[in-house]
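Trainee: Sequential numbering from 0 applies to the sequence shown in numbering that gives the first Met the number 0.
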Amino acid sequence: MNSALLLIDLQNDFCHGGALAVAEGDETINVANLAIAACRHANIPVAASQDWHPADHRSFAINSSAEVGTVGELEGLPQVWWPVHCVQNQPGADFHPSLNTAGLDYIVHKGKDSSVDSYSAFFDNGKRAATPLHDWLQNKQVEHLVVMGLATDYCVKFSVLDALELGYEVTLISDGCRGVNLDADDSKKAVEQMQLAGAKVQSLAQWVSNLDFTL
Ligand code: VGL
Ligand code: ZN
0 MNSALLLIDL QNDFCHGGAL AVAEGDETIN VANLAIAACR HANIPVAASQ
50 DWHPADHRSF AINSSAEVGT VGELEGLPQV WWPVHCVQNQ PGADFHPSLN
100 TAGLDYIVHK GKDSSVDSYS AFFDNGKRAA TPLHDWLQNK QVEHLVVMGL
150 ATDYCVKFSV LDALELGYEV TLISDGCRGV NLDADDSKKA VEQMQLAGAK
200 VQSLAQWVSN LDFTL
């Protein structure tokens with residue numbers, strides 16, 4: 000079965016000093032670089048998503064006259080109001096400087112429509128539009144996705160649930176994820192939800208040990 004690695008939103012704004020910094024977010028970068036190296040050896044394609052918002056995105060609290068961290072509604076969908084983050088072509092939207100971007104085969108941008116948030120790398124939150132990611136993976140006859148990144152309780156969770164719904168087998172690399180945790184146990188619950196939906200949860204070392212080569 001063909002696998003692909005999917006790295007979710009390893010961007011400055013979700014890392015230390017960023018606009019929507021996730022605790023220990025930077026610690027995912029080494030895990031990602033090890034995963035990329037393993038994939039290069041095993042001929043496994045690597046895709047990465049970038050949260051890629053226009054400056055007028057309405058998930059930004061300031062654009063919706065709302066308070067950061069509270070929940071409201073956007074075009075009929077529940078919406079957490081976020082600080083301004085990952086604005087297209089701004090430094091906050093760049094990949095973390097330590098990420099081995101030369102090892103990426105494909106980049107998918109999401110969250111470009113101002114009127115709807117897009118946690119998943121496959122669809123916006125209303126499932127109104129799809130990104131090109133599924134087509135790219137199908138083209139490569141990928142059936143198994145290995146997923147890690149930021150944030151566990153938002154973009155990783157929604158990407159994994161959509162991938163399972165689309166029929167992929169999914170392995171979540173647990174040590175390659177960190178969460179926002181608006182509530183303290185959000186990430187724990189997210190992992191349980193992904194597992195219940197059918198995702199396999201492994202550490203990077205566990206996953207790599209089952210590839211037929213040594214790093
Ligand atoms: C994300 C909140 C808002 C994420 C993106 O990458 O998990 N979270 N936008
Ligand atoms: Zn966002």
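From the three backbone atoms N, C-alpha and C, an ideal C-beta is built for every residue, glycine too.
State yes or no: is the C-beta of ALA150 nearer than 6 Å to some heavy atom of the ligand VGL?
Mentor: Answer for ALA150: yes, Cβ within range of the ligand VGL.
Trainee: So LYS220 packs on PRO44, CB below 8 Å; how close in whole Å?
Mentor: Nothing about residue 220 can be reported from this structure: the residues present for the chain run from 0 to 214 only.
Trainee: At what residues does the alpha helix (DSSP H) containing GLU26 begin and finish?
Mentor: Start and end: 26–41.
Trainee: Run the proximity test for TRP81: is its beta-carbon closer than 6 Å to any non-hydrogen atom belonging to the ligand VGL?
Mentor: Under cutoff, so the answer is yes.
Trainee: Out of curiosity, what's the CA-to-CA distance linking LEU160 and ASP184?
Mentor: Whole-angstrom Cα-Cα distance: 19 Å.
Trainee: Do you know offhand how far VAL145's Cα is from TRP135's?
Mentor: The alpha-carbon atoms of VAL145 and TRP135 are separated by roughly 15 Å.
Trainee: Once you ignore the five residues that flank GLN49 on each side, which residues in its own chain have a CB closer than 8 Å to its CB?
Mentor: Correct list, in chain order: ASP8, GLN10, CYS85, ALA92, PHE94, ILE106, VAL107, HIS108 and LYS109.
Trainee: Once DSSP output is grouped into helix, strand and coil, what is the label at ASP104?
Mentor: In this structure, ASP104 counts as coil in the three-state DSSP scheme.
Trainee: To the nearest whole angstrom, what separates the beta carbons of CYS154 and TYR118, a pair I think is in contact under 8 Å?
Mentor: The pair is a contact, with the Cβ atoms about 5 Å apart (cut-off 8 Å).
Trainee: Using a Cβ-Cβ cutoff of less than 7 Å, which residues in the same chain neighbour GLN87 once the five nearest sequence positions on both sides are dropped?
Mentor: TRP51, HIS52 and PRO53, listed in sequence order.
Trainee: What do you get for THR151, buried or exposed, if any count of 16 or more other CB atoms within 10 angstroms of its CB means buried?
Mentor: Buried: at least 16 other Cβ atoms inside 10 Å.
Trainee: Got a sec, what are the start and stop residues for the alpha helix (DSSP H) HIS133 sits in?
Mentor: Element bounds for HIS133: 132–138.
Trainee: Tell me which residues share the same chain as GLN137 and place their Cβ nearer than 7 Å to its Cβ, disregarding the 5 neighbours each side in the sequence.
Mentor: Around GLN137: no qualifying Cβ.
Trainee: Give the range of the alpha helix (DSSP H) segment to which ASP211 is assigned.
Mentor: Element bounds for ASP211: n/a, residue is neither H nor E.
Trainee: Could you tell me if the beta carbon of ASP12 falls within a distance shorter than 6 Å of some heavy atom in the ligand ZN?
Mentor: ASP12 Cβ: outside cutoff for every heavy atom of the ligand ZN.
Trainee: How would you label MET0, buried or exposed, when you count the other beta carbons within 10 angstroms and need 16 or more for buried?
Mentor: Exposed is the call here.
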